[in-house]
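Engineer: Dropping a structure here in structure tokens format, bear with me for questions.
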Amino acid sequence: MREHEIGRLENGRLVVPTEREYKGIVISNPTNEQLKFLRGYFDIDREQINSLSIPEFDETTHMAVDVYFMNTETNKINKRYDIVEIPKYDEQGVQFQD
Numbered sequence: 070m071r072e073h074e075i076g077r078l079e080n081g082r083l084v085v086p087t088e089r090e091y092k093g094i095v096i097s098n099p100t101n102e103q104l105k106f107l108r109g110y111f112d113i114d115r116e117q118i119n120s121l122s123i124p125e126f127d128e129t130t131h132m133a134v135d136v137y138f139m140n141t142e143t144n145k146i147n148k149r150y151d152i153v154e155i156p157k158y159d160e161q162g163v164q165f166q167d
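Numbering of the sequence shown is given in the working numbering, commencing with residue 70 and proceeding in unit increments.
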């Protein structure tokens, strides 16, 4: 499986090119630069993402959520972890509202 170096953000979700996009665009086997230009992808800051560690938190009440964002200084996609409360549900599977 390909380790992606480019991606784009859609509603805060990281989307990377599919193999179909690499092979299915009229340009046979487009380069990353062509996909960036044609499809709106950006470089993924792999160094920043690979060096990132999850902060400590109480795993019984909280969870870590991946958050991808555009770093406007480097024009690359970065990642951080947000620590959020684990949702609580009743017996019918309905989430409690605070």
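We put the beta carbon where it would ideally sit given N, CA and C, even for glycine. Predicted model only: the values in this text are computed from it and were never measured.
Within 8 Å, do at least three Cβ pairs link the region 133–151 to the region 96–109?
Structural biologist: Touching, no.
Engineer: Starting from N140, trace the beta strand (DSSP E) both ways and give me its first and last residue.
Structural biologist: First-last of the beta strand (DSSP E) with N140: H131 to N140.
Engineer: Using 10 angstroms around the beta-carbon of G76, count the other beta-carbons present and answer buried if the total reaches 16, otherwise exposed.
Structural biologist: Buried: at least 16 other Cβ atoms inside 10 Å.
Engineer: Using the beta-carbon count (16 or more within 10 Å), is I155 buried or exposed?
Structural biologist: Classification for I155: exposed.
Engineer: Going by DSSP, name the residue or residues bridged to N150.
Structural biologist: The residue you asked about is not Asn; residue 150 is Tyr in the sequence shown. According to DSSP, which records beta bridges pairwise, Y150 is partnered with D135.
Engineer: Between which two residues does the alpha helix (DSSP H) harbouring L104 extend?
Structural biologist: Element bounds for L104: N101 to R108.
Engineer: For the candidate residues L121, G109, V153 and T141, whose alpha-carbon lies nearest to that of T130?
Structural biologist: Measuring from the Cα of T130, the nearest candidate turns out to be V153.
Engineer: Answer yes or no: does any C-beta atom of chain D fall closer than 8 Å to that of I155?
Structural biologist: You won't find chain D in this structure, because it holds only one protein chain.
Engineer: Rounded to a whole number of angstroms, what is the C-alpha to C-alpha distance between G81 and E160?
Structural biologist: Between G81 and E160, the C-alpha separation is close to 31 Å.
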